[in-house]
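K.L.:
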Amino acid sequence: MSFSHLGLSDKVLAAVAAAGYTSPTPIQDQAIPHVLARRDVLGIAQTGTGKTAAFVLPMLTLLEKGRARARMPRTLILEPTRELAAQVKEQFDKYGAGQKLNVALLIGGVSFGDQDLKLTRGVDVLIATPGRLLDHTERGGLLLTGVELLVIDEADRMLDMGFIPDIERICKLVPFTRQTLFFTATMPNEIRRVTDTFLHNPEKIEVSRPATTAATVAQSQVSCSREPHEKRELLRRLLREAKELKNAIIFCNRKRDVAIVCKSLQKHGFSAGALHGDMDQSARTASLDQFRKGELPLLVASDVAARGLDIPEVSHVLNFDVPYHPDDYVHRIGRTGRAGRTGTAITIVCPADFKSLAAIEKLTGQAIPQADLPGHDASANEAVVEAGAPAAAAAGRSSRSRSAPDKGGESYARGGKRESRKPRRSGGDHQRHEAPAVTAAASKAAPPPSIGRTLAPRREAVSEPGDHSHLPAFLLRPIRARG
DNA sequence: AAAAAAC
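In terms of numbering that gives the first Met the number 0, the first sequence opens at residue 0 and continues consecutively.
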């Protein structure tokens, strides 16, 4: 199988070959001919399936003809986060280097004026997050009446983030006759409503969900008390003792904890950077760039980094917190073990997390084994297993089927009020549906109860701040870098 | 519960 039969132009084929790709992924193979035939496409695909190139490559071929007019972009791509938007732009820069294309990025957090200037010069490809795009249209600096092709990417995530009303507004600003490419990982009712309204006789392409969690990722959990201080200490131990750690993303549930954990690691001599949505855009970009280049081995991040970001060669994912929503776990650990490489995912679990953990094990259909950490006090975890086992068993009786991708359907069905930008994801909806039996391991017999034991005794410090004797050199902070 | 996204 090669790219040559898909109908791409010679220029694009040359760029693909130069990038070292020889065979298309299933979504590329199926979508590209339809895009080139100017059909609408509904692509149901996860990130990591080669989805971006599935629209970038044919768009480059289509854009070889024609020229952009001032303030009237020819194509428009909508992305849920700034980082994803920037990542798509990189793909255009990479594969479109041989073409004189004007590609503009309209995202928040950066200068409005520069973007406006670029729009006046005419753009072939406009890549945007919804808020900033609407800002430009409302100020009159941007006309969407010349858009020939519209891409809506990560639609279900936009739904989670409350962007659907914005998407609908934007869809009404582009010509009715445009071509639309629509990508989503799942099809909840609210998304189905959007596709029914805005797609014309779409070609539906569904690529098999990559096994929810890649087999190349070794998963484990480590118990801990909920004391932030002890969690940070455990995190340091995990980093020190991790095998074959090259670099790691450390996920926290809250932005403030991202900042705290990052600072703490730095204080203890680790070379770490932070990434969350309250940082200014230049700092976000800087952290991500340094991490990608390998200059920064540790990235402490919120779920802004959980989905879609392409960071090759992440050896470890560490969940400082168990994510609230099981899908987020799958996305987080999907940052490692990519492209057939091996990866390691370790999750720190406190007693209060048993529900979230049971939901994760049910979603992935596999129990997460305890990490082997000699001397680590597991007493805090006995409460977890004890409380978690009945929950997992109950889940086996009444949970949803994983073959039904439109999870939480009814919870999305109502609403649609413009002013409500709140996510409508209903927590705990997994309790209401039915599902396959939970794995044997997850429902294994619970150990004897240890009632009332929620806090592990304070462990002896593994090392004092400033004692970096066991820390590999590359994990150390360079002297007087990054205050 | 939290995060994300416009000034």
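Just so you know, even glycine gets a beta-carbon here, dropped at the ideal spot from N, CA and C.
1) Quick check on DSSP: helix, strand or coil for Leu158?
2) Quick check: the Cα distance between Val55 and Ala127, rounded to an integer number of angstroms?
3) Considering only the beta carbon of each residue, do Leu274 and Leu287 sit closer than 8 angstroms?
4) Can you tell me which of the three DSSP states Ser222 falls into?
5) Is the beta carbon of Ala154 closer than 8 angstroms to that of Ile204?
6) If distances are taken between C-alpha atoms only, which option among Glu240, Glu229, Glu243, Gly112 comes closest to Val260?
7) Could you tell me the boundaries of the alpha helix (DSSP H) in which Asp7 lies?
8) Does DSSP put Ile367 in a helix, in a strand, or in coil?
9) I need the straight-line Cα distance from Ala85 to Leu77, nearest angstrom please.
10) Closest by CA to Asp327, which one among Pro368, Ile359, His315?
11) Compute the minimum distance between the beta carbon of Glu240 and the heavy atoms of the ligand NAD, and state whether it is under 7 angstroms.
12) Determine the closest residue to Thr24 out of Tyr323, Met0, Lys292, with distance taken between C-alpha atoms.
13) So for Val321, helix, strand or coil by DSSP?
14) Whether or not the segment 101-114 and the segment 43-53 are in contact is what I'm after, with contact meaning three or more pairs of Cβ atoms, one per stretch, closer than 8 angstroms; do they touch?
15) What is the C-beta distance between Ser270 and Leu474, in whole angstroms, given that I count them as a contact (C-beta under 8 angstroms)?
16) Going by the DSSP bridge assignment, what does His315 pair with across the sheet?
17) Rounded C-beta distance between Arg291 and Ile310? I'm assuming under 8 angstroms.
18) I'd like to check one pair, Glu63 with Lys10: are the Cβ atoms closer than 8 angstroms?
19) If you compare alpha carbons, which of Leu362, Ile347, Met58, Ala18 is closest to His375?
20) Which residues does DSSP pair with Thr483 in a beta bridge?
21) Between which two residues does the alpha helix (DSSP H) harbouring Gln178 extend?
22) Take Ala258 and list the residues in its own chain whose beta-carbon comes closer than 7 angstroms to its own, dropping the five residues that flank it on each side.
23) Where do the N-terminal and C-terminal ends of the alpha helix (DSSP H) with Thr136 fall, by residue?
24) Between Leu75 and Leu149, which are expected to be in contact by the criterion C-beta below 8 angstroms, what is the C-beta distance as a whole number of angstroms?
P.N.:
According to the structure data:
1) Correct three-state label for Leu158: helix.
2) Rounded to the nearest angstrom, the two C-alpha atoms are 15 angstroms apart.
3) The beta carbons of Leu274 and Leu287 sit closer together than 8 angstroms.
4) In the three-state reduction of the DSSP assignment, Ser222 falls in the strand class, which pools E and B.
5) Contact: no.
6) Considering only alpha carbons, the answer is Glu229.
7) Note on residue identity: the sequence assigns Leu, not Asp, to residue 7. In the DSSP assignment, Leu7 falls outside any alpha helix (DSSP H) and carries neither an H nor an E.
8) In the structure shown, Ile367 sits in coil (DSSP, three-state: anything other than H, G, I, E or B).
9) Per the coordinates, the alpha-carbon of Ala85 lies some 11 angstroms from the alpha-carbon of Leu77.
10) Answer by Cα proximity: Ile359.
11) For the ligand NAD, the structure offers nothing, since it holds no ligand at all.
12) Measuring from the Cα of Thr24, the nearest candidate turns out to be Met0.
13) DSSP places Val321 in coil when its eight states are reduced to three.
14) These segments do not touch.
15) That pair is a contact at about 6 angstroms.
16) For His315, the beta-bridge partners assigned by DSSP are Ala247, Thr343.
17) Going by Cβ atoms, the distance from Arg291 to Ile310 rounds to 6 angstroms, so yes, they are a contact pair.
18) For the pair Lys10 and Glu63, the CB atoms are nearer than the 8 angstroms cut-off.
19) His375 has its Cα closest to that of Ile347, out of Leu362, Ile347, Met58, Ala18.
20) This structure leaves residue 483 out entirely; the chain is present only between 0 and 482.
21) Annotation for Gln178: no alpha helix (DSSP H) segment contains it, though the beta strand (DSSP E) segment containing it runs 178-183.
22) Same-chain partners within the cutoff: Ala273.
23) 129-137 is the span of the alpha helix (DSSP H), which, as asked, contains Thr136.
24) Between Leu75 and Leu149 the beta-carbon gap is near 5 angstroms, inside 8 angstroms, which marks them as a contact.
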